[in-house]
Amino acid sequence: MIEKFWEVTIEEMKKGYVEETNVFQCLLCGEQIEKGVIYPENNVLYEAEKFMIRHIGNKHVSIFEYLSGLNKKLTGLTEHQNSLIRLFFEGKSDLEIQKELGIGSASTIRNHRFVLKEKERQAKIFLTMMELLKERDNHAPAFLPVHKNATMVDDRYNITEEEQAELESKFFPEGINGPMLKFPKKEKQKLSTLRVIIQRFEQEKNYTEKEINTILKNVYEDYVTLRRYLIEYGFLDRKDDGSTYWVKD
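Position one of the sequence shown corresponds to residue 5 (the working numbering), numbered consecutively onward.
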């Protein structure tokens, strides 16, 4: 998920990409498809926008699949509500869903539909109020977006762009590509430094544990702690046997 994700319209979010001057950019991973270029795939030629749509389907399955996989702190949905919406999206009837989940009756599912519809109405009112607020609130700070795979979304994510810049200067006095002065004790500051460190890794690349350690040693001597926190905070993932690591998208 890229920062622009939070700034787009609902229609753009539904598509999963935005059109820029020279490219189409995926909102989910940042992939850019250059305009005016024909892209081949499986003996078929696609113009740029069509190829972006193919990219989303190939890499992310669908926009719905991506959004429903977000942390519940981001969606505002309980796990049960998320499960119901997924089943509704699959086109299943209330009776089929009731049997699959083994709860109540078909009327129980209809009641859940009503609750979700009420949540939608509330969301529309809230979005409208926030849009009106933006036109009047000249003192609102610019908060950093929460990354998709955040595992514990709480007050530690309450950080502005200005605060992030200050912490980067404090803990990376030689610049964000230089060594880290020390690993902070406060969780909010830990998160800020991890945001910087993860930028040293490439998306869609598999790393061995040795390669991970080599990169992290250039950041801070206690590379084991850094590796653990990158995984704990949902920035990195790995196979159960620790043989392969990658940046979570």
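Glycine is no exception: its CB is placed at the ideal position from the N, C-alpha and C atoms.
Tell me the DSSP secondary structure of residue i in three-state form.
i: Asp159; result: helix
i: Phe130; result: helix
i: Phe28; result: strand
i: Tyr224; result: coil
i: Tyr43; result: strand
i: Val65; result: coil
i: Glu11; result: helix
i: Gln168; result: helix
i: Leu185; result: coil
i: Arg232; result: helix
i: Gln203; result: helix
i: Ile180; result: coil
i: Glu23; result: strand
i: Arg242; result: strand
i: Glu51; result: coil
i: Tyr237; result: coil
Quick check on this structure: which residue in the options has the alpha carbon closest to the alpha carbon of residue i?
i: Gln36; options: Ile42, Glu45, Pro44 and Asn26; result: Asn26
i: Met184; options: Thr164, Phe205, Asn162 and Asn222; result: Asn222
i: Ser196; options: Glu172, Thr218, Ile216 and Thr212; result: Glu172
i: Asp159; options: Ala169, Lys194, Asn142 and Leu136; result: Lys194
i: Tyr224; options: His116, Asn181 and Thr248; result: Asn181
Between residue i and residue j, is the Cβ-Cβ spacing less than 8 Å?
i: Leu49; j: Ile42; result: yes
i: Phe187; j: Thr229; result: yes
i: Gln126; j: Ile113; result: no
i: Gly246; j: Glu213; result: yes
i: Leu31; j: Val12; result: yes
i: Lys63; j: Ala52; result: no
i: Trp250; j: Lys209; result: yes
i: Ala110; j: Leu120; result: no
i: Asp244; j: Lys252; result: no
Could you tell me whether any Cβ in chain C is nearer than 8 Å to the Cβ of residue i?
i: Lys209; result: Absent from the structure: chain C. Only one protein chain is present.
Tell me, please, whether the stretch 63-83 touches the stretch 14-21 by the rule of three or more beta-carbon pairs shorter than 8 Å. Under the 8 Å Cβ criterion, the stretch 63-83 counts as touching the stretch 14-21, having at least three qualifying pairs.
Segment contact flag, the stretch 198-214 with the stretch 172-181, C-beta cutoff 8 Å, min 3 pairs: Flag = yes, the stretch 198-214 and the stretch 172-181 touch.
Do three or more CB pairs link the stretch 228-240 to the stretch 84-91 at distances below 8 Å? Of all C-beta pairs linking the stretch 228-240 to the stretch 84-91, fewer than three are shorter than 8 Å, placing the two stretches out of contact.
Where are the beta strand (DSSP E) runs, 3 residues long or more, that stay fully inside the stretch 74-109, in chain order? Complete beta strand (DSSP E) runs here, min 3: none at all.
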